[in-house]
Amino acid sequence: MAYGQEPIAQPQRIDRYVGQYAERAVGMVASEIRALFAVAARPEIVSLAGGAPYVSALPLDAVGDMIGQLVTRQGASALQYCTAQGDAGLRERICDVMALEHIRAHPDEIVVTVGSQQALDLITRIFVDPGDVVLAEAPSYVGALGAFTAYQARVVHVTMDDDGLIPGALEEAIGRAGAAGRRPKFLYTVPNFHNPAGVTLAAGRRLRILDICRRAGLLVVEDNPYGLLGFDGEPMRALRADDAEGVVYLGSFSKTFAGGVRVGWALAPAAIRDKLVLAAESAVLCHPSLSQLAVREYLATQPWRQQIKTFRDIYAERRDATLNALATMMPPGCRWTRPAGGFYVWLTLPDGIDAKVMLPRALSSRVAYVPGTGFYADGTGGRHARLCYSLPEPDRIAEGIRRLASVIETEIEMRDDFGPAAGSGCAARP
Ligand SMILES: Cc1ncc(COP(=O)(O)O)c(C=O)c1O
Numbered sequence: 348m349a350y351g352q353e354p355i356a357q358p359q360r361i362d363r364y365v366g367q368y369a370e371r372a373v374g375m376v377a378s379e380i381r382a383l384f385a386v387a388a389r390p391e392i393v394s395l396a397g398g399a400p401y402v403s404a405l406p407l408d409a410v411g412d413m414i415g416q417l418v419t420r421q422g423a424s425a426l427q428y429c430t431a432q433g434d435a436g437l438r439e440r441i442c443d444v445m446a447l448e449h450i451r452a453h454p455d456e457i458v459v460t461v462g463s464q465q466a467l468d469l470i471t472r473i474f475v476d477p478g479d480v481v482l483a484e485a486p487s488y489v490g491a492l493g494a495f496t497a498y499q500a501r502v503v504h505v506t507m508d509d510d511g512l513i514p515g516a517l518e519e520a521i522g523r524a525g526a527a528g529r530r531p532k533f534l535y536t537v538p539n540f541h542n543p544a545g546v547t548l549a550a551g552r553r554l555r556i557l558d559i560c561r562r563a564g565l566l567v568v569e570d571n572p573y574g575l576l577g578f579d580g581e582p583m584r585a586l587r588a589d590d591a592e593g594v595v596y597l598g599s600f601s602k603t604f605a606g607g608v609r610v611g612w613a614l615a616p617a618a619i620r621d622k623l624v625l626a627a628e629s630a631v632l633c634h635p636s637l638s639q640l641a642v643r644e645y646l647a648t649q650p651w652r653q654q655i656k657t658f659r660d661i662y663a664e665r666r667d668a669t670l671n672a673l674a675t676m677m678p679p680g681c682r683w684t685r686p687a688g689g690f691y692v693w694l695t696l697p698d699g700i701d702a703k704v705m706l707p708r709a710l711s712s713r714v715a716y717v718p719g720t721g722f723y724a725d726g727t728g729g730r731h732a733r734l735c736y737s738l739p740e741p742d743r744i745a746e747g748i749r750r751l752a753s754v755i756e757t758e759i760e761m762r763d764d765f766g767p768a769a770g771s772g773c774a775a776r777p
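In the numbering used here, the protein residues as written are 348 to 777.
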């Protein structure tokens, strides 16, 4: 379902195929975020929920002219099928984009995908058999967890702190899996401006993480849609920049250009790249030519570096509005991360307050967030909430956080008066 779209009310249906689905379909359930969109999109609600980019900041007239001319002048290729690996000209331009993060790559090593979400699906498809272990940060991007679950992976979470993934925790997780006779298929990590945690893997930890994975023979899947959206200084050096054989790097134009074009990519060692191309071919034959050529033209003819700076300035202002509001309004006992880029702040609620159970009260107070449980495969995360500041204007963010703070204050009062069950908004709980 698209962001902001109201679902059509469906009568309660009996599923006559219930006994016939493949096992992998049984674990497919709507994510916490998806279920929230319909309510959060109502105008009276300040939504800090969905992670949509602020595409209104694009020069829409210029992009419209560019796409119009693309069809007029190059329609015969823009409206035609192409290869499953993706347009060669676009892949060349992608190398220029990745060079900003010190990645040296050849266009042949790239597979274009339908957003990085499809790359996650394809990677999981070619590596994961039911029951295989995938290591992923705690918490992890909900769409990645969805892909892993769809292929029946066993997700084992690895602890993070304010500097991102903890190397010692990774070593322990690999050791534990080994002791149980399992070799994890890959480590999934979002090193920059993490979704949902808002933290960034410290420069000093990067080589250490690569070294641990190399020694364990563990592939790293580096998912990096926000890497160019840092608010201070130069982009971080990608993990892939220091290990071309051990890392599959996933990139996306969703946050630096437009999510609606659905263009992302995977940069992979040759053998994995070949499998990804075959998997992409069986999934979609080829990716939409029009979108690919639109992105290629955008990178060739529009001031895309300047546009990224525009996005960064807007998001930095919204991040500041979020952090200022949190600092002045949140009741004692709340903690939150301080992102240096990207879209997300990770809020930890006081002891005994459950973000999921509190959500209905927050929605009636006209503020939405995503409860932390959606970002864990093991059902934990109840004390956390993801706040996304990319879309609302700064004064709306401040108003949303004022409403949220007041909801949390009421929860704390109820917890103190009646115990944790009441404080978590669940007075009827046994
Ligand atoms: C960490 C992460 N990875 C992947 C994606 C998928 O992005 P897309 O498919 O739009 O490239 C998202 C989207 O929000 C994300 O936050």
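Ideal Cβ placement from N, Cα and C applies to all residues, glycine included.
Compute every distance between the C-beta of residue i and the non-hydrogen atoms of ligand 1, then say whether any falls below 7 Å.
i, result
"D468", "no"
"Q464", "yes"
"S394", "no"
"S737", "no"
"D305", "Any property of residue 305 remains undetermined from this structure, which presents the chain solely from 348 to 777."
"S638", "no"
"G397", "no"
"N542", "yes"
"A572", "Ala is not the amino acid found at residue 572; the sequence shown has Pro there. For ligand 1, at least one heavy atom lies less than 7 Å from the Cβ of P572."
"G611", "yes"
"V567", "no"
"G490", "yes"
"V481", "no"
"G606", "yes"
"V459", "no"
"V537", "yes"
"S629", "no"
"S711", "no"
"S424", "no"
"S753", "no"
"S601", "yes"
For residue i, collect the residues of the same chain with a Cβ closer than 7 Å to its Cβ; drop the 5 residues on either side in sequence, then sort them by chain order.
i, result
"R682", "T695"
"K703", "P718, T720 and G729"
"L565", "I521, P531, F533 and L534"
"I361", "none"
"V594", "V567, E569, L586 and R587"
Label residue i either buried or exposed according to how many other C-beta atoms from any shown protein chain fall within 10 Å of its C-beta, with 16 as the threshold for buried.
i, result
"H453", "exposed"
"Q465", "buried"
"A514", "One detail in the question is off: residue 514 reads as Pro in this sequence, not Ala. Under this definition P514 is a buried residue."
"Y364", "exposed"
"T460", "buried"
"T519", "Correcting the residue identity first, residue 519 is Glu in this sequence and not Thr. Label assigned to E519: exposed."
"E391", "exposed"
"M375", "exposed"
"G680", "exposed"
"V373", "exposed"
"G574", "buried"
"Q639", "buried"
"S779", "Because the chain is modelled from 348 through 777, residue 779 falls outside the range shown and cannot be assessed."
"E456", "buried"
"S523", "First, the residue type needs correcting, since residue 523 is Arg and not Ser in the sequence shown. Exposed: under 16 other Cβ atoms inside 10 Å."
"P650", "exposed"
"Y428", "exposed"
Output needed for residue i: all residues of its chain with C-beta closer than 8 Å, excluding positions within five of it in sequence on either side, in chain order.
i, result
"D764", "none"
"S737", "G398, A399, P400, Y401, Y662, R665 and F690"
"F658", "P400, Y401, A404, L576, K602 and T603"
"D443", "L646"
"L426", "V418, S636 and L637"
"T675", "none"
"P777", "At P777 the pLDDT is 30, less than 50, meaning the model places this residue with poor confidence; the figure from the coordinates comes in the next sentence. Contacts found: none."
"S487", "V502, H504, Y535, V537, F722, Y723 and A724"
Cutting at 6 Å between CB atoms, please list the residues of its own chain near residue i, excluding the five before and the five after it.
i, result
"P616", "E592"
"P477", "Q499"
"H449", "R584 and A588"
"E756", "P678"
"A387", "S394, A396 and A715"
"P354", "Confidence at P354 is low in this model, with a pLDDT of 45, below 50, so its placement is unreliable and no value can be given for it."
Any beta carbon from chain B within less than 8 Å of residue i's own beta carbon?
i, result
"E756", "Of the protein chains in the structure, only one exists, and it is not chain B."
Is the number of C-beta pairs between the segment 419-438 and the segment 622-631 that are closer than 8 Å three or more?
-> yes
Just checking, does the segment 471-488 make contact with the segment 714-724 on the three C-beta pairs under 8 Å criterion?
-> yes
Determine, using beta-carbon pairs with one atom in the segment 551-571 and one in the segment 700-711, whether at least three such pairs fall under 8 Å.
-> no
Decide if the segment 741-754 is in contact with the segment 696-703; the criterion is three or more beta carbon pairs, one per stretch, under 8 Å apart.
-> no
Would you call the segment 405-419 and the segment 634-646 in contact, with 3 or more CB pairs under 8 Å?
-> yes
Should the segment 535-553 be called in touch with the segment 582-599, which here means at least 3 C-beta pairs below 8 Å?
-> yes
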